[in-house]
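In the working numbering, the protein residues as written are 219 to 981.
Think of the CB as a built atom: it goes at the ideal place given N, C-alpha and C, for glycine as much as any other residue.
Report on the following structure.
Written out as structure tokens, the structure is:
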């Protein structure tokens, strides 16, 4: 590969950006090639310190321990809503969770266990600031919750640190953290207590201060009591009251709240940009900011606190590209009555007489429309050459109608149980630490998978020049196979992987190789009966033993950063029936504004076992497991572009699940909020499954359609008037809908062609 000098690159940048350019595209450096592996984690989940149902200790145990009944994540960020809460999530449910530092606490008078729903007042913890009974999350994070995560990290050997699901000024929610001070290296040799109580070695003061300063739910003006924090950002002038509401007592921009009118949302967005500036100024390498389930609350409301449009994502990335580098567009709540809690007419804008849909109206195979729609918002951002990455989360709160130890769910899955982020963390011979984990997230060398449809992925692109540095398909495939086998990535000149760019001369061939492992045997689903969605097309496959059906390669062109104020910078996704129709069909990209789409994005290749581009299999020399290999060439490239991957257990044209091209359909047909829309019957009936009730806790396997599934309210008819599904039949919904419909998504590989558009957001 020919390398370009810094001088040549600078000249190309000047030529590309032009004299009239008003925004300098950010550049993000990938981590050095220190050895690392892909490790699984979750950064969005809840305990009783916000609106969850269980203690920190129980959630961390269920999420990270690798024993039966737990989900074995490699790293874990304990988040929870900003604002305040009234319950003490550090108290434990029972003796099975007891540790020397955090034993069971009982009421002195009654002997009853004081569990994690005990109020702060009844657990003897005084609240600070201008609170009365609830505790501000800044205090909870700093003084109560962080010590638990640090202690359990030292005790269990799994990195557990504090994050936050911020209630965002001007918008809805964002997953974030400021890791400065958390889990310092001195913890490695710290002596752990043998009696109750723990004094942490590190601290989460920086994260606590962010929560005080910038979370919309925090109305405290005490400056964090004895902390006496100031929230000023160097260089910012808050004197313009048409834009900012500066509170001199609290030394912060006061929350815009949920009031109506007066540009509440617009002012809130400006406050959120200040939050990013603060993170960049004070914790540039120790922060991340990832909007959560960002389609859920509908489009942005300039007079309320709802949603994110594409222009807000661009603004975030422009202000702090090393911090705001992606979105959580594969949301949690995957087992709820409406997957992801996305629905038509879900919520009202403040001050509006009408409800609005979640953007897109529902999820699509469990992913929001911003990430799931080929050519939509994600492709629009990638088409600029931005470092904007795809992430997933659990958003764990509870099991719905079931208890936390039941394997059934009508609401959430535990972190690691269903969705996982697999992040390349380059820690060398060191242990996993918050900094290397956040560095890994920042690079975009990350892929997300639901339902364990795959658990290994190598995605590699290499340049090939005829007669100079020609590469064969086989040589690149060998690199990818070795990487997948060792659960790592490649380190070869002229080759890149997810989150990186390959710089080439015009006319180069790009050799792309993909190697995945579809793990054999059972996944985490408790259901052993055949997948009802696949039964529609005559395929019998146990729900807990999914098989990868195909892998799609999606390609789009890169045309450069769009400028604020330009016609193609902003754009609201079509709301309500302008996108998802009342019959479950959708519109197409012709109704999407230019700012929110990239019409060059399209399916480039589809690989499967029996397609015209079949994959081949290989057996691991390390552990004997089977890998699937697929390799192709993009010949003689002339334009800058990117390629990304998705895959699923469902073939194309599965009724009510996928279209003829294999794209996910709206989850409209499996969401139980309106049972009249349900279309896929669940017909496997067994005496054992029929006998299950919501009162019994199921910890093992279930061999038939569970009783909690929604039922068809009326006969469903065929075109000739005959009955296809009888009224009262159990229908695919809740957790069965999620386990039936599995997807993985990779982040992109960029190719920058000299003389074409710069991929300016990625080094």
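Subject >> Neighbour-count burial assignment, residue 272, 16 or more Cβ in a 10 Å radius >> reply: buried
Subject >> Backbone CA spacing between residue 270 and residue 822 [nearest angstrom] >> reply: 42 Å
Original post:
For residue 245, which residues of its own chain have a beta-carbon under 8 Å away from its beta-carbon, when the five flanking residues on both sides are left out?
Top reply: With a pLDDT of only 39 at residue 245, under the threshold of 50, the placement of this residue in the model should not be trusted; the figure read from the coordinates follows. Correct list, in chain order: 539, 978, 979, 980, 981.
Original post:
Which residues in the same chain as residue 838 place their Cβ atom closer than 7 Å to its Cβ, once the five residues preceding and following it in sequence are excluded?
Top reply: 703, 845
**OP:** For residue 483, I'd like the list of residues in its chain whose CB is within less than 8 Å of its CB, leaving aside the five on either flank, ordered along the chain.
**Re:** 388, 389, 474, 518, 519, 520, 521, 522, 523, 524
**OP:** Compare the Cα-Cα distances from residue 699 to each of 847, 651, 552, 410 and report the closest residue.
**Re:** 847
Subject >> Within 8 Å, strictly: CB atoms of residue 587 and residue 574 >> reply: no
Original post:
Can you check whether the CB of residue 343 is closer than 8 Å to the CB of residue 304?
Top reply: no
**OP:** Assign residue 895 to one of three DSSP states: helix, strand, or coil.
**Re:** helix
Original post:
Cβ of residue 862 within 8 Å of Cβ of residue 964?
Top reply: yes
**OP:** Could you pull the start and end residues of the alpha helix (DSSP H) that residue 681 belongs to?
**Re:** First-last for residue 681: 674-682, but that is the beta strand (DSSP E), not the alpha helix (DSSP H).
Original post:
In its own chain, which residues sit with a C-beta less than 6 Å from the C-beta of residue 378, not counting the 5 before and 5 after it?
Top reply: 278, 294, 367, 370, 371
**OP:** Could you spell out where the beta strand (DSSP E) holding residue 639 opens and where it closes?
**Re:** 637-643
Original post:
Would you call the CB atoms of residue 706 and residue 254 closer than 8 Å?
Top reply: yes
Subject >> Best match in 773, 775, 396, 675 for proximity to residue 733 [C-alpha to C-alpha] >> reply: 675
Subject >> Counted within 10 angstroms of its Cβ, other Cβ atoms place residue 441 as buried (16 or more) or exposed >> reply: buried
Original post:
Considering residue 852, what are the terminal residues of the beta strand (DSSP E) in which it resides?
Top reply: 844-852
**OP:** Quick one: measure Cβ to Cβ for residue 492 and residue 471, integer angstroms, because I've assumed they're closer than 8 Å.
**Re:** 6 Å
Original post:
Under a three-way DSSP split, which group does residue 249 fall into?
Top reply: At residue 249, the pLDDT of 43 sits below 50, so the modelled position is not reliable and the matter cannot be decided from this model.
Original post:
Can you tell which of 755, 681, 801 has the C-alpha that lies nearest to the C-alpha of residue 723?
Top reply: 681
**OP:** Please classify residue 451: does DSSP put it in a helix, a strand, or coil?
**Re:** coil
**OP:** Would you list, in sequence order, the uninterrupted beta strand (DSSP E) runs of no fewer than 3 residues that lie entirely inside the stretch 379-416?
**Re:** 382-385, 391-396
**OP:** Kindly list the residues whose CB is nearer than 7 Å to the CB of residue 804, restricted to its own chain and excluding five residues on each side of it in sequence; keep chain order.
**Re:** 797, 798, 884
Original post:
Between residue 400 and residue 651, what straight-line distance do the alpha-carbon atoms span, to the nearest angstrom?
Top reply: 9 Å
Original post:
Can the beta-carbon of residue 624 be found less than 8 Å from the beta-carbon of residue 614?
Top reply: no
Subject >> Option in 736, 913, 809, 810 with minimal Cα separation from residue 834 >> reply: 736
Subject >> Span of the alpha helix (DSSP H), counted from its first residue to its last, around residue 487 >> reply: 482-500
**OP:** Would you tell me roughly how many angstroms separate the C-alpha atoms of residue 589 and residue 505, rounded to the nearest one?
**Re:** 23 Å
Original post:
Mind pulling the beta strand (DSSP E) runs of 3 or more residues that sit fully within the stretch 865-949?
Top reply: 941-943
Subject >> Residue closest to residue 345, alpha-carbon to alpha-carbon, out of 553, 487, 289, 443 >> reply: 443
**OP:** From the DSSP output, in three-state form, read off residue 178 for me.
**Re:** Residue coverage of the chain in this structure runs from 219 to 981, which leaves residue 178 outside it and unanswerable.
Original post:
Does the count of Cβ pairs from the stretch 896-911 and the stretch 769-784 closer than 8 Å reach three?
Top reply: no
**OP:** Report the partner residues of residue 299 according to the DSSP bridge assignment.
**Re:** 383
Original post:
In whole angstroms, what separates the C-alpha of residue 597 from that of residue 816?
Top reply: 6 Å
Original post:
Straight-line CA distance for residue 464 to residue 457?
Top reply: 8 Å
Subject >> alpha helix (DSSP H) segment containing residue 280, residue limits >> reply: 274-282
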